[in-house]
Amino acid sequence: MSSAWVGIALLALPLLYAVRMVAFHRAWARLPTVPLTAASIQAGSPQFSVLIAARNEAANLPHLLADLARQTLPAGSFEVLIVDDHSTDATTEIVAAAASSPFPLRLVSLREQPGAGTGKKAALQAALYHARAPWVVCTDADCRFGPDWLRSYAAVVSTDPEARFISGPVLLTGPATPWQHLMGLEFAGLIGVGAAGIGLQSPTMCNGANLAYRRDAFAAVRGFAGNEHLASGDDEFLLHKLHAAFPGSIRFLKNPAAIVSTAAPATVGALLTQRVRWASKWRHYQHAASQQLALLVLGANVALFLGVVLMVAWPALWPWVLAAWAVKLVADSWFLMLVLRFLGRRQWLWWVALLQVLYAPYALATGLLGLRGRYTWKERAVTT
Numbered sequence: 065m066s067s068a069w070v071g072i073a074l075l076a077l078p079l080l081y082a083v084r085m086v087a088f089h090r091a092w093a094r095l096p097t098v099p100l101t102a103a104s105i106q107a108g109s110p111q112f113s114v115l116i117a118a119r120n121e122a123a124n125l126p127h128l129l130a131d132l133a134r135q136t137l138p139a140g141s142f143e144v145l146i147v148d149d150h151s152t153d154a155t156t157e158i159v160a161a162a163a164s165s166p167f168p169l170r171l172v173s174l175r176e177q178p179g180a181g182t183g184k185k186a187a188l189q190a191a192l193y194h195a196r197a198p199w200v201v202c203t204d205a206d207c208r209f210g211p212d213w214l215r216s217y218a219a220v221v222s223t224d225p226e227a228r229f230i231s232g233p234v235l236l237t238g239p240a241t242p243w244q245h246l247m248g249l250e251f252a253g254l255i256g257v258g259a260a261g262i263g264l265q266s267p268t269m270c271n272g273a274n275l276a277y278r279r280d281a282f283a284a285v286r287g288f289a290g291n292e293h294l295a296s297g298d299d300e301f302l303l304h305k306l307h308a309a310f311p312g313s314i315r316f317l318k319n320p321a322a323i324v325s326t327a328a329p330a331t332v333g334a335l336l337t338q339r340v341r342w343a344s345k346w347r348h349y350q351h352a353a354s355q356q357l358a359l360l361v362l363g364a365n366v367a368l369f370l371g372v373v374l375m376v377a378w379p380a381l382w383p384w385v386l387a388a389w390a391v392k393l394v395a396d397s398w399f400l401m402l403v404l405r406f407l408g409r410r411q412w413l414w415w416v417a418l419l420q421v422l423y424a425p426y427a428l429a430t431g432l433l434g435l436r437g438r439y440t441w442k443e444r445a446v447t448t
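Residue numbers for the sequence shown follow the numbering used here, so the first one is 65 and each next one is one higher.
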């Protein structure tokens with residue numbers, strides 16, 4: 065086989081990937097920015113039930129509760145339910161001490177729910193049983209957000225009666241180190257792709273740290289039924305089910321006021337554990353667009369890595385390998401430029417080239433480990 069044919073084969077997947085990123089770039093640019101002035105939620109019965117699963121989050125809950133107390137929605141327009149998932153620290157005591165918060169706050173304990181099980185899905189299901197509002201908003205106990213976070217959701221809910229699921233933006237934060245920049249950049253790409261997929265009416269991903277859905281829509285698709293045995297996927301499996309049941313009802317909350325920030329994993333091991341947990345659900349997807357996107361991303365990165373390996377023994381391949389790397393680098397940079405501008409992290413764009421070098425072995429490793437289906441999360445051994 066000639067080097068030209070091998071080169072064309074190596075270039076094919078990066079080119080297909082670049083075409084997809086061009087589509088994502090255009091979709092992101094067309095997403096409407098949600099104006100906060102459109103919110104018209106009135107005081108009275110709650111419009112939103114904020115659900116938070118917490119396991120050993122005593123260090124983070126005071127910050128979360130303070131952020132909730134600063135929300136600009138009228139008093140009584142939202143309630144907060146925190147579910148204690150068998151914590152061994154002072155999680156329950158901190159929630160109990162916050163009983164005088166300016167918003168209705170309730171503690172739900174999985175220990176007191178016979179047969180409720182453990183994990184985030186069990187916690188959310190228990191909270192939903194007690195929720196009173198027509199809309200559920202989900203975030204994590206280690207997250208932070210600004211005073212207009214809920215108001216930005218209200219802006220969609222009060223003006224878009226067709227919406228049933230709203231995906232919000234999430235930003236990784238941490239010390240200004242190269243490691244944090246790389247993690248934040250990769251995560252920003254996931255958030256951007258998820259938003260662009262929604263814009264293309266082909267939603268593939270979202271993040272459970274910032275999303276909302278109608279309670280009646282959740283019930284209509286039987287919630288987590290069919291994937292309740294999986295520790296991960298409280299967000300994306302529900303997204304796929306609601307999109308299938310209610311086409312055209314998925315929205316992305318494109319407003320900087322809606323950004324939720326969460327701390328990046330502190331170590332390489334913590335990052336790999338988190339990503340393996342996410343990757344473990346890929347083989348359970350029944351959503352064709354998500355499967356195809358995952359395979360395209362993995363294939364394009366493996367093609368780059370394989371090209372470098374083959375070029376060592378076949379130097380004539382270097383123009384093709386260089387072209388493949390350049391095509392993917394330009395496509396990623398062009399798309400991420402828009403997403404990073406929205407997130408206020410344009411300086412991360414300088415790290416795209418290094419991330420591309422590291423991403424092929426990283427993606428392959430997490431993908432293979434995810435197929436194995438075993439990891440440890442929240443001090444629990446999980447097998448999927």
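A virtual CB, placed ideally from N, CA and C, is assigned to each residue, including glycine.
Using a 10 Å radius around the Cβ and a threshold of 16 neighbouring Cβ atoms, would you call residue i buried or exposed?
{"i": "R280", "result": "Here the sequence assigns Asp to residue 280, which means Arg is not the residue at that position. So D280 ends up on the exposed side."}
{"i": "G253", "result": "buried"}
{"i": "I72", "result": "exposed"}
{"i": "L386", "result": "exposed"}
{"i": "E300", "result": "buried"}
{"i": "A289", "result": "exposed"}
{"i": "P233", "result": "buried"}
{"i": "W69", "result": "exposed"}
{"i": "A190", "result": "buried"}
{"i": "G287", "result": "buried"}
{"i": "E176", "result": "exposed"}
When the distance is taken between beta carbons, is residue j closer than 7 Å to residue i?
{"i": "G263", "j": "R94", "result": "yes"}
{"i": "V221", "j": "N274", "result": "no"}
{"i": "L137", "j": "I158", "result": "no"}
{"i": "I230", "j": "A284", "result": "no"}
{"i": "A367", "j": "L77", "result": "yes"}
{"i": "W92", "j": "A260", "result": "yes"}
{"i": "W46", "j": "L246", "result": "Within the shown structure, residues of the chain are numbered from 65 to 448, placing residue 46 beyond reach of any answer."}
Measure the C-alpha to C-alpha separation of residue i and residue j and round it to an integer number of angstroms.
{"i": "A219", "j": "I116", "result": "22 Å"}
{"i": "F228", "j": "N271", "result": "Correcting the residue type first, residue 228 is Arg in the shown sequence and not Phe. Taking the straight line from one Cα to the other gives about 16 Å."}
{"i": "A380", "j": "A427", "result": "27 Å"}
{"i": "E226", "j": "R278", "result": "11 Å"}
{"i": "L174", "j": "T155", "result": "13 Å"}
{"i": "V114", "j": "L145", "result": "6 Å"}
{"i": "M401", "j": "T430", "result": "26 Å"}
{"i": "A160", "j": "A330", "result": "29 Å"}
{"i": "Q338", "j": "N120", "result": "17 Å"}
{"i": "M85", "j": "W243", "result": "25 Å"}
{"i": "R90", "j": "A424", "result": "25 Å"}
{"i": "T237", "j": "M269", "result": "20 Å"}
{"i": "A205", "j": "V147", "result": "10 Å"}
Thinking residue i and residue j are a contact (beta carbons under 8 Å), I'd like their distance in whole angstroms, please.
{"i": "L303", "j": "S313", "result": "11 Å between Cβ atoms; not a contact."}
{"i": "L317", "j": "Y193", "result": "At roughly 26 Å, the Cβ-Cβ gap does not stay under 8 Å, so L317 and Y193 are not in contact."}
{"i": "L74", "j": "G371", "result": "5 Å"}
{"i": "A395", "j": "A82", "result": "4 Å"}
{"i": "C207", "j": "L128", "result": "7 Å"}
{"i": "A118", "j": "S151", "result": "7 Å"}
Q: Please list the segments of the alpha helix (DSSP H) lying wholly inside the region 238 to 271, counting only runs of 4 or more residues, in order along the chain.
A: Positions of the alpha helix (DSSP H) runs, each at least 4 residues long and wholly inside the region 238 to 271, are given as 242 to 263 in order along the chain.
Q: Could I get the ranges of all uninterrupted beta strand (DSSP E) runs contained in the region 193 to 228, with 3 residues as the minimum, in chain order?
A: The beta strand (DSSP E) runs lying completely inside the region 193 to 228 and spanning 3 residues or more are 199 to 204, 207 to 209, given in chain order.
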